[in-house]
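Student: Using this note's numbering, read the sequence shown as starting at 2 and increasing by one per residue.
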Amino acid sequence: MSAVTDTFPARWADEAAWYTRHGDYGWLTEALAALLPNDLRIVEVGCGVGESTVVLARAGFSVLVIEPLAACRIEAARRLAEAGPECVARITFVDADVTALPEAARAQLLDFDPRAVVCWLAGAPDEVTALPGGRPGEGVARHREAMQRGCAELAASLPGVLFLQIADRTVMPWAAKDIGRDLTLRVQQQLVLKDLPFSLSKADTLFRKLTPTPHEAATLGKLSGPMRGAIPLLGMALARRI
2 MSAVTDTFPA RWADEAAWYT RHGDYGWLTE ALAALLPNDL RIVEVGCGVG
52 ESTVVLARAG FSVLVIEPLA ACRIEAARRL AEAGPECVAR ITFVDADVTA
102 LPEAARAQLL DFDPRAVVCW LAGAPDEVTA LPGGRPGEGV ARHREAMQRG
152 CAELAASLPG VLFLQIADRT VMPWAAKDIG RDLTLRVQQQ LVLKDLPFSL
202 SKADTLFRKL TPTPHEAATL GKLSGPMRGA IPLLGMALAR RI
């Protein structure tokens with residue numbers, strides 16, 4: 002792993018802990034648990050520093066984590082150890098990239114036989130965010146679209162998977178959330194789920210207000226025009242196999 006990539010866990014740690022404290026990972030977990038009351042085997046694509054993985058483990062999920070960054074796997078394992086042996090026992094890490102899974106990883110996934118695939122708040126390593134040229138954020142957007150499409154293709158290839166849950170962050174005025182839901186629905190249907198055996202309705206495309214960090218609050222307070230009053234939001238798309 003490059004020195005550039007090594008900084009990603011440090012960048013993500015504070016933000017991920019913030020989401021845990023304010024119940025954002027809990028909201029995603031509860032939505033999934035309501036659909037899988039009797040079989041909590043899932044695949045988590047990208048674990049960051051492990052905050053989301055710990056929340057899933059504490060909720061009783063058995064999770065196979067696909068994470069290509071060694072620094073993230075190490076930090077996530079450390080946090081699981083702090084959470085206790087029951088949490089550690091529920092999690093298995095796989096060193097792989099969801100967009101280029103080796104056959105050994107695919108065989109492990111088939112043997113695990115999960116019921117859902119989740120991809121929450123996919124981050125982008127520094128070598129993506131630091132790409133020269135292009136519009137601001139363009140590299141990150143492409144990275145996330147490719148990762149989400151990889152998750153959808155993985156979910157489609159695993160016959161036991163019934164649900165695909167994708168969550169991402171955005172910023173907009175709360176009054177515009179229905180426009181955001183329509184946009185999310187269109188992007189997921191046309192890019193992420195295209196030609197795959199999953200359906201997504203507006204009813205399963207939801208937003209939740211995120212508590213802004215002090216730095217975010219100061220920045221958002223300076224916005225004007227159509228973005229005046231914008232707040233950070235957590236969007237969730239919960240697709241179902243058809």
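Backbone N, C-alpha and C define an ideal beta-carbon position, used for all residues, glycine too.
By a C-beta neighbour count over all protein chains shown, 10 Å radius and 16 as the cutoff for buried, is PRO10 buried or exposed?
Tutor: PRO10 is buried by the Cβ-count criterion.
Student: Based on Cα-Cα distance, which residue from HIS216, LEU235 and ARG229 lies nearest to GLY181?
Tutor: When each option's Cα is compared against that of GLY181, the closest is LEU235.
Student: From GLY85, SER53, LEU192 and GLU146, pick the residue whose C-alpha is nearest to that of ARG74; which is it?
Tutor: The residue with the shortest Cα to Cα distance from ARG74 is SER53.
Student: Roughly how far, in whole angstroms, is the beta-carbon of LEU248 from the beta-carbon of ALA58, given that I think they are within contact range, below 8 Å?
Tutor: Missing from the structure shown is residue 248; the chain here goes from 2 to 243 and no further.
Student: Sort GLY161, PRO227 and LEU122 by Cα distance to ASP40 and report the nearest one.
Tutor: Closest option to ASP40, Cα to Cα, is GLY161.
Student: Hey, how far is the Cα of THR214 from the Cα of LEU224?
Tutor: When rounded, the distance between both Cα atoms is 16 Å.
Student: Taking the CB atoms as reference points, tell me whether GLU139 and LEU197 lie closer together than 9 Å.
Tutor: In this structure, LEU197 does not lie closer than 9 Å to GLU139 by Cβ.
Student: Please identify the residue among GLU31, ILE43 and VAL95 whose C-alpha is closest to the C-alpha of LEU163.
Tutor: Minimum Cα distance to LEU163 is reached at ILE43.
Student: Around the C-beta of THR185, are 16 or more other C-beta atoms found within 10 angstroms, so that it is buried, or is it exposed?
Tutor: Answer is buried; the Cβ neighbour count reaches 16.
Student: Could you have a look at PHE113 and say whether DSSP puts it in helix, strand or coil?
Tutor: Correct three-state label for PHE113: helix.
Student: Comparing C-alpha positions only, which one of GLN149, GLU217, ALA218 and VAL172 sits nearest to ALA240?
Tutor: Nearest of GLN149, GLU217, ALA218 and VAL172 to ALA240, Cα basis: GLN149.
Student: How is the alpha helix (DSSP H) around SER31 delimited, first residue to last?
Tutor: Checking the sequence shown, residue 31 turns out to be Glu, not Ser. Per DSSP, GLU31 belongs to the alpha helix (DSSP H) from 25–34.
Student: Does the distance from the C-beta atom of PHE113 to that of LEU165 stay below 9 Å?
Tutor: Not a contact, by the Cβ cut-off of 9 Å.
Student: Does the beta-carbon of LEU159 have 16 or more other beta-carbons within 10 angstroms, so that it is buried, or is it exposed?
Tutor: When all chains shown are included, LEU159 counts as buried.
Student: LEU224 by DSSP, collapsed to three states: which one?
Tutor: Coil.
Student: At which residues does the alpha helix (DSSP H) containing SER53 begin and terminate?
Tutor: Looking at the DSSP string, the run of the alpha helix (DSSP H) that includes SER53 is 52–59.
Student: Alpha carbon to alpha carbon, how far is LEU192 from THR171?
Tutor: C-alpha separation (whole angstroms): 18 Å.
Student: With distances taken between CB atoms, is the gap from VAL46 to ALA123 smaller than 9 Å?
Tutor: Yes.
Student: On the criterion of 16 or more Cβ atoms from any shown chain inside 10 Å, does LEU102 qualify as buried, or is it exposed?
Tutor: LEU102 is buried by the Cβ-count criterion.
Student: Is DSSP giving ARG42 helix, strand or coil here?
Tutor: DSSP places ARG42 in strand when its eight states are reduced to three.
Student: Residues in the same chain with beta-carbon distance under 7 Å from GLU76, minus the five sequence neighbours each way, listed in chain order, please.
Tutor: Excluding positions up to five away in sequence, the list reads PRO10, VAL50 and GLY51.
Student: Which of helix, strand or coil does DSSP assign to ALA4?
Tutor: At ALA4 the pLDDT is 37, less than 50, meaning the model places this residue with poor confidence; the figure from the coordinates comes in the next sentence. In this structure, ALA4 counts as helix in the three-state DSSP scheme.
Student: Within its chain, find whatever has a CB closer than 7 Å to the CB of SER200; leave out the 5 residues flanking it on each side and keep chain order.
Tutor: So the qualifying residues of the chain are ALA240, ARG241 and ILE243.
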